[in-house]
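J.: Have a look at the structure that comes next, please.
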């Protein structure tokens, strides 16, 4: 019989509309028999939930997001920690980190770890952090105090915005780590001598949730003002998504081409993007939907003609890994146009199953958009090829099986 240890999964926030890949993994692990308790460092801010969040049965425990908001809870944890034998090693570790990262953020992570250790939900036997930056800090500090081992799933922003010293030390401390793109995998392996403990595991897609689209898309080609080509993008309005570049590219399209653009997602950048669309003279062609639940997003994939996502490396180093929305769109045989950063070329190959252009280049993005608009037969061929790749190579059950093997390899050790 397979061993299943009670696992405390540390998350930045839960539930989050933008992190369906995490929810998909949590549900998959539960269905594989894992006993999880979710430890969220923030309370939810999204006003909606995906249906998948209601399917996950794990209890959710919220740590104090800001220590001053729950002083009694933090004080009790600190007083209890002072009596534990591993408190001194924890302080030494924390002091070493703080000297290289003097920030309130660092102090919050220590406080959250102390609260977690003091309350220790559901008699946890294993710690797993989703994201190698702040959740992994909490996991590592809690592990020092309790001697409970920890593991980590790294993604994109957390890898590329963390200093090398911190990644090196966390990769040395975790029993193993996984990441979801070849670029992140190679970078992490370069930083550690424990290369065999870094694994590549694509999130993939729950294909049961994104079934085959049996409908037929109309052969719109942008020539009919009453039947414009429908361009869709799904993603938070944040710098790394490149929505300013996408708007500029749309503005470069020939005036005689007829198209509509729909954006789905929240984000602080919307306040800047909407005036930009006005300035570029394309605002009347754009619909801003805001955040939507997954079943509503699926309907938009099926009614669109083109999916576009102009990913870039942001000024602070933040970037996407392999956006799940590309898997989702491709699963509905919807042709995708994106950029060649991070893990995107691991899914899309220009001319074979999509359009891939350099980031930060509105002109080349406009060229790809124009060709996709004008050539419905090409859209169909590339979309079907992308769907085939997703369904053959990116089934999320493969990732769940891999994670199960990794956990069991640790739990079955004598």
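Numbering (UniProt numbering), first residue to last: 1 to 414. Every residue gets a Cβ at the ideal spot worked out from N, C-alpha and C, and that includes glycine.
Which residues does DSSP pair with residue 153 in a beta bridge?
T.: Answer is 130 and 178, bridged to residue 153.
J.: What is the DSSP secondary structure of residue 307, reduced to helix, strand or coil?
T.: Three-state result, residue 307: strand.
J.: Considering just the uninterrupted stretch of the beta strand (DSSP E) at residue 102, what are its terminal residues?
T.: Where residue 102 is concerned, there is no enclosing beta strand (DSSP E), given that its DSSP letter is neither H nor E.
J.: Where residue 141 and residue 303 are concerned, what is the direct C-alpha to C-alpha distance, given to the nearest angstrom?
T.: Each residue's Cα considered, the two are about 48 Å apart.
J.: Are the CB atoms of residue 235 and residue 204 nearer to each other than 9 Å?
T.: Not a contact, by the Cβ cut-off of 9 Å.
J.: Of all the options 279, 292, 220 and 293, which has the alpha carbon lying nearest to the alpha carbon of residue 257?
T.: Closest option to residue 257, Cα to Cα, is 220.
J.: With distance defined between alpha-carbon atoms, name the residue in 295, 7, 308 and 339 nearest to residue 148.
T.: When only C-alpha atoms are compared, the closest one is 7.
J.: Taking C-beta to C-beta, are residue 421 and residue 247 nearer than 9 Å?
T.: There is no way to answer for residue 421, as the model of the chain reaches only from 1 to 414.
J.: Would you decide whether residue 108 is buried or exposed? Buried here means 16 or more other CB atoms lie within 10 Å of its CB.
T.: That one is buried.
J.: Leaving out the 5 sequence neighbours to the left and right, which residues in its chain are closer than 6 Å to residue 402 when beta-carbon positions are compared?
T.: For residue 402, where only same-chain residues beyond five positions count, the Cβ hits under 6 Å are 201.
J.: Can you name, in chain order, every residue of its own chain whose Cβ lies under 7 Å from the Cβ of residue 261, other than the five neighbours on each side?
T.: Excluding positions up to five away in sequence, the list reads 231, 250, 285 and 286.
J.: Considering just the uninterrupted stretch of the beta strand (DSSP E) at residue 238, what are its terminal residues?
T.: Segment: none, residue 238 is in no beta strand (DSSP E) and carries neither H nor E.
J.: Is there contact between the region 368 to 378 and the region 309 to 324, where contact requires at least three CB pairs shorter than 8 Å?
T.: Not touching, per the Cβ criterion.
J.: Taking only the alpha-carbon atoms, compute the straight-line gap between residue 408 and residue 170 and give it to the nearest angstrom.
T.: C-alpha separation (whole angstroms): 21 Å.
J.: Thinking residue 347 and residue 322 are a contact (beta carbons under 8 Å), I'd like their distance in whole angstroms, please.
T.: About 6 Å separates the two Cβ atoms, so the contact holds.
J.: Taking the continuous beta strand (DSSP E) assigned at residue 399, which residues delimit it?
T.: Taken as a continuous stretch (DSSP letters only), residue 399 belongs to no beta strand (DSSP E), being part of the alpha helix (DSSP H) at 396 to 411.
J.: Just to confirm before moving on: does the CB-CB distance between residue 366 and residue 335 stay below 9 Å?
T.: No. Outside cutoff.
J.: Just to confirm, is the Cβ distance from residue 293 to residue 16 under 9 Å?
T.: No, the pair does not count as a contact, with Cβ atoms beyond the cut-off.
J.: So what's residue 198 in DSSP terms, helix, strand or just coil?
T.: Of the three classes helix, strand and coil, the one that applies to residue 198 here is strand, per DSSP.
J.: For residue 114, which of 86, 99 and 195 has the nearest alpha-carbon?
T.: Closest option to residue 114, Cα to Cα, is 86.
J.: Less than 8 Å between the CB atoms is what I'm expecting for residue 339 and residue 356, so what's the real figure, rounded?
T.: Yes, residue 339 and residue 356 are in contact; Cβ-Cβ is about 7 Å, under 8 Å.
J.: Quick check: the Cα distance between residue 360 and residue 269, rounded to an integer number of angstroms?
T.: If I take the Cα positions, the gap works out to 17 Å.
J.: Please check the pair residue 10 and residue 183, which I expect to be a contact at CB under 8 Å, by giving their CB distance rounded to whole angstroms.
T.: That pair is no contact at about 24 Å.
J.: Can you grab the Cα-Cα spacing for the pair residue 97 / residue 137, in whole Å?
T.: Rounded to the nearest angstrom, the two C-alpha atoms are 10 Å apart.
J.: Taking the continuous beta strand (DSSP E) assigned at residue 59, which residues delimit it?
T.: Per DSSP, residue 59 belongs to the beta strand (DSSP E) from 59 to 62.
J.: Tell me the DSSP secondary structure of residue 417 in three-state form.
T.: No information on residue 417 is available, as it lies outside the stretch 1 to 414 that the chain covers here.
J.: Note down the Cα distance separating residue 362 from residue 122, rounded to an integer number of angstroms.
T.: Their Cα atoms are separated by approximately 52 Å.
J.: Give the DSSP-derived three-state secondary structure of residue 288 in the structure shown.
T.: Strand at residue 288.
J.: Taking the alpha-carbon positions, what's the residue 383 to residue 117 distance?
T.: Spanning the two alpha carbons is a distance of roughly 49 Å.
J.: Using the C-alpha atoms, what's the distance from residue 353 back to residue 4?
T.: When rounded, the distance between both Cα atoms is 40 Å.
J.: Start and end of the alpha helix (DSSP H) containing residue 24?
T.: It spans 20 to 31 - the alpha helix (DSSP H) in which residue 24 sits, taken as one unbroken run.
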